[in-house]
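Engineer:
2 protein chains.
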Amino acid sequence: MALRAGEHSQEAANGLKEKVLTLDSMNPCVRRVEYAVRGPIVQRALELEQELRQGVKKPFTEVIRANIGDAQAMGQIPITFPRQVLALCVHPDLLNSPDFPEDAKRKAERILQACGGHSLGAYSISAGVQMIREDVARYIERRDGGIPADPNNIFLSTGASDAIVTVLKLLVTGEGRTRTGVLIPIPQYPLYSAALAEFNAVQVDYYLDEERAWSLDVAELRRALGQARDHCRPRALCVINPGNPTGQVQTRECIEDVIRFAFEERLFLLADEVYQDNVYAKGSQFHSFKKVLMEMGPPYAARQELASFHSISKGYLGECGFRGGYVEVVNMDAAVKQQMQKLRSVRLCPPTPGQVLLDVAVSPPAPSDPSFAQFQAERQAVLAELAAKAKLTEQVFNEAPGIRCNPVQGAMYSFPRVQLPPRAVQRAQELGLAPDMFFCLRLLEETGICVVPGSGFGQREGTYHFRMTILPPMEKLRPLLEKLSQFHAKFTREYS
Amino acid sequence: MALRAGEHSQEAANGLKEKVLTLDSMNPCVRRVEYAVRGPIVQRALELEQELRQGVKKPFTEVIRANIGDAQAMGQIPITFPRQVLALCVHPDLLNSPDFPEDAKRKAERILQACGGHSLGAYSISAGVQMIREDVARYIERRDGGIPADPNNIFLSTGASDAIVTVLKLLVTGEGRTRTGVLIPIPQYPLYSAALAEFNAVQVDYYLDEERAWSLDVAELRRALGQARDHCRPRALCVINPGNPTGQVQTRECIEDVIRFAFEERLFLLADEVYQDNVYAKGSQFHSFKKVLMEMGPPYAARQELASFHSISKGYLGECGFRGGYVEVVNMDAAVKQQMQKLRSVRLCPPTPGQVLLDVAVSPPAPSDPSFAQFQAERQAVLAELAAKAKLTEQVFNEAPGIRCNPVQGAMYSFPRVQLPPRAVQRAQELGLAPDMFFCLRLLEETGICVVPGSGFGQREGTYHFRMTILPPMEKLRPLLEKLSQFHAKFTREYS
């Protein structure tokens, strides 16, 4: 707001008429949008990096960006095979090169055959290259123990975010007390709150149970729904499994309960399953909503509407920059599906390189293929290291007084709860900051560690958290966790 | 609607409760969205292709998709250098290969240095890789004769569409008679009508003058604005130059008039300049709105708000599938720019491969570089062939009675006007089709030529047109144009 005031006074000073588009005259829904994962704390982190480059003295030598699930930015090496296939598709002259394995060439040739003009430079159909949609369908069938998947229910997208926003957009309608309400978990990944604010829909919070490892309780869903019905029309329920930022992996029983609840209450289900390959904890296992729904049989299997989202940005690939993903819609009204297709077509098509990497992800080398051994080894190495980092994170944080961290069963984040002394809370309020934002900013300034305050994801009143990725390289992660714990102790002393 | 009715009766028949998300209960704004470029005619084209593959006999052997500006789908060969650079960035092992020129390697290394983790697999900042934004700024400065461009005013995007939709989204506000109105040309590229429908903003039509080669007349802008002010609040003016679908290239004088008009009437200017490299006609020259605005000096230069859009999908690259583009904002309120940045950050970043190709497009090989000669030769060959096709299209169509085609001065399309006999119009109305849709569907069924009816772009009441790309390969284009002209003659006889 300071900036805005400044603008106005300057306008006045120059005696110029105001601009057409100002903070006051712009889309008010856009103004309400918030996205903490790339919010003020990250802006400050960028400034600090610049200051370091300029030789400014700091109590640290590098900024560690543990704010976003960006594996390759943290040093993860790309898996070789998908990059080989993509390079061949981008520059087909390489198909004659002896430096590429036969299976990579076969795959690239197959993909190019399916592209317009046999080139990645042509638009694909808006739902994605048909052959890739078919490969995704077969992947889902393997994942779900043979339950059929229809390629025509699969829409490739520009990362999962794009598909999530599209499905939410279809659901939004009404005004005042008839506005669409969408149930989202708290803590949530802020794409959901941002999209609902942009669409002027009603965000309906249901709280995950921190005391029970962030589990989802249907009684809490019922409470949230009941209260919401007084002021909006709840039509959809979003579930993130494995959880972001909370890292829990839902049990099959829990998923069945959620499906029954959604069916009884007539809620469209959105299942954010982009971390389906990121499950680490003993005894934890990923169950797709689609599989559970189908195995529940009638009336659920044939009726309950579901959209399930996946991405190439997470898992073991971590190919965030290529923006690839898909949504599978289940039991969606045929006419609505046509409308979705139409809406997607206005934006022409998802980027073809992301489609290529997605194809490799859903149809990787088979045991008989020359690249199989290396692909498997690289894949396992990534997932094994992530599992070790998840364990280490939980362990080190729980050794620190005043920090409590639930097991990181899956996904790529810890979301520890931190005790902040009353005087720190008071100081934050004086500064007009959320207490955990104040803590995270101080942490960044003094240690160079960039994490996102829990207030950016939502949390129970009076509790404070931060989200930290488990992605920093092993050799950096332990010192990082210890440094953070020590800072918390120091911060606590300072304000006690 | 047939489908919808079908759905319902089926619901009833099965005695099942209706779905949560139906045509009746979905977002009504999305329902109003239309996008002819990939509309029903293209669906039918896809079906016909399938039938041909299945060996069904047709009066033609292939479907020619002249509906969309997709150069590589029509056989245009990708320019070598950008693909080499991208392949090197995707698979950096190739940096050791002797098969790539030094300048491609240098460029790839420079780009990777600027990426998180030195990998395309990392997210870039939401506005795009900073170094690429700087290269874009230098490109704009060269293009505009040294007028400065600020990298911080440049936002890379997922094709130009993404950026256009973002800027429109910022402008949309109000309800009833205070709703934002946006002036768009008729005929228009239907992204604009689609986005305005989705955002529930008011589309304000201004007509291009077909009699004067689709020129833009400020008197017509004034008429449209005056009428619009009765029922909405016009806040923005969109101009497409070179024109899509109309192919005109605006004179500098016209651009100055438009800028003066926008300034006086307090309209935010959106300049769709994605065809800035596609200018063919003798005496036609591309003038960027930014350059003209700055050269007009005060009060315009320092005050008039402008967003200019560009893309890697058109020009000589034609790399549609990679979804790369950018917007430069000029005189945008600083606080609004922050809001735009925030909004963009929710979707994380534009696809990195598209950013790479954009970087090559804005900083191509220099005369001293090993790849310069080949790059220039390939670039010139593409542009020269497009110019020849533009000329041929105009010429053949104007030889046909009942078809009149303005000169294709630029862009990639002809938008000929066709006379349709009254009985054909009547027949179309009986079928519930727009007369030119009826014509185009019959054309597709009998010749395999897929073009888009003028009704999908907007046209003066009682006039009929179609948009056809000039992209089919030279050897196919002449027979195609003649076939189309002959079909029109036959169609006219049939209904006379």
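Line order of the protein sequences matches chains P and X.
Taking the UniProt record's numbering, the leading residue of the first sequence gets 1, the next gets one more, and so forth.
Taking the UniProt record's numbering, the leading residue of the second sequence gets 1, the next gets one more, and so forth.
Idealized CB from N, CA, C, for every residue including glycine.
Remember, it's a predicted structure, so these values are computed and weren't measured experimentally.
Taking CB distances under 7 angstroms as the criterion, tell me whether serine 119 of chain P reaches chain X.
Structural biologist: As a working note, residue 119 of chain P is residue 119 in the first sequence. True, the Cβ-Cβ gap to chain X drops below 7 angstroms.
Engineer: Among X:Ser119, X:Tyr316 and X:Asp135, whose alpha-carbon lies nearest the alpha-carbon of alanine 387 of chain X?
Structural biologist: The residue labelled residue 387 of chain X in the question sits at position 387 within the second sequence. The option with the nearest alpha carbon to alanine 387 of chain X is X:Tyr316.
Engineer: Distance check for glutamine 76 of chain P and leucine 383 of chain P, CA to CA, integer angstroms please.
Structural biologist: One-based indexing of the first sequence puts residue 383 of chain P at position 383. One-based indexing of the first sequence puts residue 76 of chain P at position 76. Distance between the alpha carbons of leucine 383 of chain P and glutamine 76 of chain P: 11 angstroms.
Engineer: Just the Cα atoms here: how many angstroms apart are leucine 85 of chain P and lysine 105 of chain P?
Structural biologist: Taking the first residue of the first sequence as position 1, residue 85 of chain P is located at position 85. Taking the first residue of the first sequence as position 1, residue 105 of chain P is located at position 105. Note that residue 85 of chain P is valine in the sequence shown here, rather than leucine. Approximately 7 angstroms, taken between the alpha carbons.
Engineer: For tyrosine 207 of chain X, list the residues DSSP reports as bridge partners.
Structural biologist: To locate residue 207 of chain X, count along the second sequence from 1; it is residue 207. Its beta-bridge partners are X:Ile186.
Engineer: Report yes or no: do three or more beta-carbon pairs, one from the segment 218-233 of chain X and one from the segment 244-264 of chain X, lie closer than 8 angstroms?
Structural biologist: Contact holds: three or more Cβ-Cβ distances are below 8 angstroms.
Engineer: Which residues, in order along the segment 344-362 of chain X, keep a beta-carbon less than 8 angstroms from a beta-carbon of chain P?
Structural biologist: For the segment 344-362 of chain X, which is checked against every Cβ of chain P, the residues closer than 8 angstroms are Ser345, Val346, Arg347, Leu348, Cys349, Pro350, Pro351, Thr352, Pro353 and Gly354.
Engineer: Any Cβ of chain P within less than 7 angstroms of the Cβ of proline 101 of chain X?
Structural biologist: Within the second sequence, the letter at position 101 stands for residue 101 of chain X. No - not a single Cβ of chain P is within 7 angstroms of the one on proline 101 of chain X.
Engineer: Quick one, which of P:Pro435, P:Lys342, P:Leu168 and P:Glu273 has its alpha-carbon nearest proline 40 of chain X's?
Structural biologist: By one-based count along the second sequence, residue 40 of chain X stands at place 40. Of P:Pro435, P:Lys342, P:Leu168 and P:Glu273, the residue nearest in Cα terms is P:Lys342.
Engineer: Quick one: list the residues of chain X neighbouring isoleucine 68 of chain P, beta-carbon separation under 9 angstroms, in chain order.
Structural biologist: Counted from its first residue, the first sequence places residue 68 of chain P at position 68. Going along chain X in sequence order, the residues near isoleucine 68 of chain P (Cβ under 9 angstroms) are Tyr123 and Leu348.
Engineer: Take arginine 232 of chain X as the anchor and find which of X:Ala281, X:Thr178 and X:Ile186 has the nearest alpha-carbon.
Structural biologist: One-based indexing of the second sequence puts residue 232 of chain X at position 232. Contrary to the premise, residue 232 of chain X reads as cysteine rather than arginine in this sequence. It is X:Thr178.
Engineer: With distances taken Cα to Cα, identify the nearest neighbour of valine 279 of chain P among P:Lys290, P:Gln250, P:Ala307 and P:Pro299.
Structural biologist: Your numbering for residue 279 of chain P matches position 279 in the first sequence. The shortest C-alpha separation from valine 279 of chain P is found at P:Gln250.
Engineer: Could you tell me whether the segment 369-379 of chain X touches the segment 351-359 of chain X, using the rule of 3 or more Cβ pairs below 8 angstroms?
Structural biologist: With the cut-off at 8 angstroms, the segment 369-379 of chain X and the segment 351-359 of chain X do not touch.
Engineer: Rounded to whole angstroms, what's the CA-CA distance from alanine 166 of chain P to lysine 58 of chain P? Just pull it up for me.
Structural biologist: Here residue 166 of chain P corresponds to residue number 166 of the first sequence, with the count starting at 1. Here residue 58 of chain P corresponds to residue number 58 of the first sequence, with the count starting at 1. Residue 166 of chain P is actually threonine in this sequence, not alanine. Taking the straight line from one Cα to the other gives about 44 angstroms.
Engineer: Specify, as a first and last residue, the run of the beta strand (DSSP E) that phenylalanine 268 of chain P falls within.
Structural biologist: Position 268 of the first sequence, counting from 1, holds the residue named residue 268 of chain P. Start and end: 268-272.
Engineer: For serine 119 of chain P, tell me which candidate among X:Glu319, X:Ser414, X:Met474 and X:Pro367 has the shortest Cα-Cα distance.
Structural biologist: One-based indexing of the first sequence puts residue 119 of chain P at position 119. Nearest option by C-alpha distance: X:Glu319.
Engineer: Could you tell me if the beta carbon of leucine 443 of chain P falls within a distance shorter than 6 angstroms of some heavy atom in the ligand SAH?
Structural biologist: As far as ligands go, the structure on display features none, and thus does not contain the ligand SAH.
Engineer: For threonine 246 of chain P and leucine 221 of chain P, I'd like the C-alpha separation in whole angstroms.
Structural biologist: Here residue 246 of chain P refers to the residue found at position 246 of the first sequence. Here residue 221 of chain P refers to the residue found at position 221 of the first sequence. Taking the straight line joining both Cα atoms gives about 17 angstroms.
Engineer: Checking the sheet assignment: what are the DSSP bridge partners for arginine 404 of chain P?
Structural biologist: Counting from one through the first sequence, the residue named residue 404 of chain P turns up at place 404. Partner(s): P:Arg417.
Engineer: Can you pull the chain X neighbours of asparagine 27 of chain P, defined as C-beta to C-beta under 8 angstroms?
Structural biologist: For the purposes of this step, residue 27 of chain P is identified with residue 27 of the first sequence, where counting begins at 1. Here the neighbours are Lys169, Leu170, Leu171, Val172 and Thr173.
Engineer: Taking DSSP as the reference, what is the three-state secondary structure of proline 92 of chain X?
Structural biologist: Translated into positions along the second sequence, residue 92 of chain X becomes position 92. Helix at proline 92 of chain X.
Engineer: Determine whether the Cβ of serine 161 of chain X lies closer than 7 angstroms to any Cβ atom of chain P.
Structural biologist: Counting from 1 along the second sequence, the entry for residue 161 of chain X is found at position 161. Yes, contact with chain P.
Engineer: Thinking just about the alpha-carbon of each residue, which of X:Ala127, X:Glu328, X:Asp217 and X:His488 is nearest to the one in aspartate 272 of chain X?
Structural biologist: In the second sequence, the residue the question calls residue 272 of chain X occupies position 272. Among X:Ala127, X:Glu328, X:Asp217 and X:His488, the Cα nearest to that of aspartate 272 of chain X belongs to X:Glu328.
Engineer: My guess is that cysteine 115 of chain P and serine 124 of chain P are in contact by the Cβ rule of under 8 angstroms, so how many angstroms apart are they, rounded?
Structural biologist: As a first step, residue 115 of chain P is located in the first sequence; it is residue number 115 there, counting from the start. As a first step, residue 124 of chain P is located in the first sequence; it is residue number 124 there, counting from the start. Rounded, the Cβ-Cβ distance is 7 angstroms, consistent with contact.
Engineer: Smallest Cα separation from lysine 476 of chain X: which of X:Ser25, X:Val20, X:Pro185 and X:Arg65?
Structural biologist: For this step, residue 476 of chain X is matched to residue 476 along the second sequence. Lysine 476 of chain X has its Cα closest to that of X:Arg65, out of X:Ser25, X:Val20, X:Pro185 and X:Arg65.
Engineer: For leucine 481 of chain P, count neighbouring C-beta atoms within 10 Å of its own C-beta (all shown protein chains included) and say buried if the count is 16 or more, exposed if not.
Structural biologist: Mapped onto the first sequence, residue 481 of chain P falls at position 481. Flag for leucine 481 of chain P reads buried.
Engineer: Under 7 angstroms Cβ-Cβ, which residues of chain X neighbour lysine 342 of chain P?
Structural biologist: On the first sequence, position 342 is the one that residue 342 of chain P refers to. Here the neighbours are Val33 and Tyr35.
Engineer: Which residue's Cα is closest to the Cα of isoleucine 186 of chain X: X:Thr463, X:Met412, X:Phe438 and X:Thr492?
Structural biologist: For this step, residue 186 of chain X is matched to residue 186 along the second sequence. Among X:Thr463, X:Met412, X:Phe438 and X:Thr492, the Cα nearest to that of isoleucine 186 of chain X belongs to X:Thr463.
Engineer: Under 8 angstroms, with one C-beta from each stretch per pair, do the segment 94-103 of chain P and the segment 287-305 of chain P reach the 3-pair mark?
Structural biologist: In short, these stretches do not touch, since the Cβ pair count stays below three.
Engineer: Suppose contacts are defined by Cβ-Cβ distances below 7 angstroms. Is asparagine 67 of chain X in contact with alanine 213 of chain X by that definition?
Structural biologist: Counting from one through the second sequence, the residue named residue 67 of chain X turns up at place 67. Counting from one through the second sequence, the residue named residue 213 of chain X turns up at place 213. Not a contact, by the Cβ cut-off of 7 angstroms.
Engineer: Between the segment 317-334 of chain X and chain P, which residues of the former have CB atoms less than 9 angstroms from a CB of the latter, in chain order?
Structural biologist: So the list reads Leu317, Gly318, Glu319, Cys320, Gly321, Phe322, Arg323, Gly324, Asn331, Met332, Asp333 and Ala334, given in the order they occur along the chain.
Engineer: Check whether chain P comes within 7 angstroms of arginine 83 of chain X, counting only Cβ atoms and requiring the distance to be less than that.
Structural biologist: Within the second sequence, the letter at position 83 stands for residue 83 of chain X. Arginine 83 of chain X counts as touching chain P.
Engineer: Is alanine 73 of chain X close to chain P, meaning its C-beta is less than 7 angstroms from at least one C-beta of that chain?
Structural biologist: In the second sequence, the residue the question calls residue 73 of chain X occupies position 73. True, the Cβ-Cβ gap to chain P drops below 7 angstroms.
Engineer: Counting along the chain, where does the beta strand (DSSP E) carrying isoleucine 154 of chain X start and finish?
Structural biologist: For this step, residue 154 of chain X is matched to residue 154 along the second sequence. Its beta strand (DSSP E) spans residues 154-157.
Engineer: When the Cα atoms are used, what is the spatial distance from alanine 411 of chain X to leucine 171 of chain P?
Structural biologist: Along the second sequence, read from residue 1 onward, the residue named residue 411 of chain X stands at position 411. Along the first sequence, read from residue 1 onward, the residue named residue 171 of chain P stands at position 171. Going from the Cα of alanine 411 of chain X to the Cα of leucine 171 of chain P covers about 37 angstroms.
Engineer: Is it true that the CB of lysine 291 of chain X sits closer than 7 angstroms to the CB of isoleucine 147 of chain X?
Structural biologist: Within the second sequence, numbered from 1, the residue matching residue 147 of chain X stands at position 147. Within the second sequence, numbered from 1, the residue matching residue 291 of chain X stands at position 291. Their beta carbons are under 7 angstroms apart, which means isoleucine 147 of chain X touches lysine 291 of chain X by this criterion.
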